[in-house]
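**Q** Take this structure, written in structure tokens, and hold onto it; I'll ask about it next.
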Amino acid sequence: MTTGTGAFTSVTADRDVSVAVADDTDAFLRIEQVPGSPNSQQHVTQTDGELAIDVSGSGNGGSGVNIDGVTVFRDLFQVGNQGTQAVDVQVTPLSLVEASGANTTLVVLVVPQTDFPKVRVDTGETERYDMVVAATDDAVDATKLSDTISVVAEAP
């Protein structure tokens, strides 16, 4: 007589999987410029599926944010849920910091407009994101920030 425990070390089974890769505009999670937003049109570009934000110049003679000031760029980009269920979306890291001296700091924060740090985006809905930039004391020319953020979506 033998008895089994139902436990196993490993199993191999063949299953069919189909995955399609799409541009951001066609993907389940759509990341794009905000239509009609001057900030988005001026400071956001999208190339080969990657969104880039550049606020180092304005094209009107400006070349950065104010020292000892807080600058807000509204409606820079949006995230749309084209999937079949609600998702919690979060931009990571929450903040980017560049320090190049005791009194020199540049802080960038990317925030959703309806909640913070995560926002629930229902099927067919869109969330817009703003960027807040703060520069202290001597943060001139030599202090620049070039980093990467990720948009993460998880089913609740």
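If you're matching positions, the sequence shown starts at 30 in the working numbering and goes up one per residue. For each residue, glycine too, the CB sits at the ideal point set by N, CA and C. If you're wondering where the values come from, they're calculated on a predicted model, not measured in any experiment.
1. Excluding the five sequence neighbours on either side, which residues of its own chain have a C-beta within less than 6 Å of the C-beta of G112, listed in chain order?
2. Let me confirm a value: L135 is counted as buried when at least 16 other C-beta atoms fall within 10 Å, else exposed. Which label applies?
3. Going by DSSP in three states, S69 sits in which element: helix, strand or coil?
4. Excluding the 5 residues preceding and the 5 following F102 in the sequence, name in chain order all residues of the same chain whose CB lies nearer than 7 Å to its CB.
5. By Cβ distance, which residues of its chain are closer than 8 Å to V116, with the 5 residues on each side in sequence left out?
6. Return the bridge partner residues of P141 from the DSSP annotation.
7. Using a Cβ-Cβ cutoff of less than 6 Å, which residues in the same chain neighbour T152 once the five nearest sequence positions on both sides are dropped?
8. L80 CB to nearest chain B CB: under 8 Å?
9. According to DSSP, what are the bridge partners of D117?
**A** To lay it out plainly:
1. If you ignore the 5 residues before and after G112, its C-beta comes within less than 6 Å of the C-beta of F57, all in its own chain and listed in chain order.
2. Burial call: buried.
3. It is helical.
4. So the qualifying residues of the chain are N68, H72, V84, D159 and M160.
5. Counting only Cβ-Cβ distances below 8 Å, and skipping sequence neighbours, we find L58, N110, R149, V150, A182, E183, A184 and P185.
6. Answer is Y158.
7. Result list for T152: N110, in chain order.
8. The chain inventory of the structure shown lacks chain B, comprising one protein chain alone.
9. According to DSSP, D117 bridges with R149 and E183.
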